[in-house]
Amino acid sequence: MPCQELVEVITDYLEGALSPQDRLRFEEHLALCSGCRNYVEQMRVTISLTGALKTDSIPDGVREQLLSAFRDWKRDLPT
């Protein structure tokens, strides 16, 4: 599985929605790619932290800054 494909299916992986075959391919890629292992860990931490935020505690404009940062990071991943 190439890095780009991993990025496209990470949400399904974290939600347990990948087929057994795709999950195996995902995990095999993680075993070989430290960049994607870091990405998965960052996503887990981000999901955990955002779940703890109250909606009114996010200042105006920060949501778009976060989304932009993730888009930029995703674009810069090795393929």
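Take full-length UniProt numbering: the final residue in the sequence shown is number 79, and no numbers are missing along the way. Even glycine gets a Cβ: it sits at the ideal position worked out from N, Cα and C.
Distance from R37 to L30 at the Cβ level is roughly 5 Å; contact confirmed, criterion being Cβ atoms closer than 8 Å. Segment contact: the segment 57 to 74 against the segment 13 to 28, fewer than three CB-CB distances shorter than 8 Å; contact not assigned. Taken through DSSP and simplified to helix, strand or coil, A17 comes out as coil.
Ranking Q42, G35, F70 and D72 by CA distance to the CA of L14 puts Q42 first. Taking all protein chains in view, the Cβ of V45 is surrounded by fewer than 16 other Cβ atoms within 10 Å, so the residue is classified as exposed. In the structure shown, the three-state DSSP call for C33 is coil.
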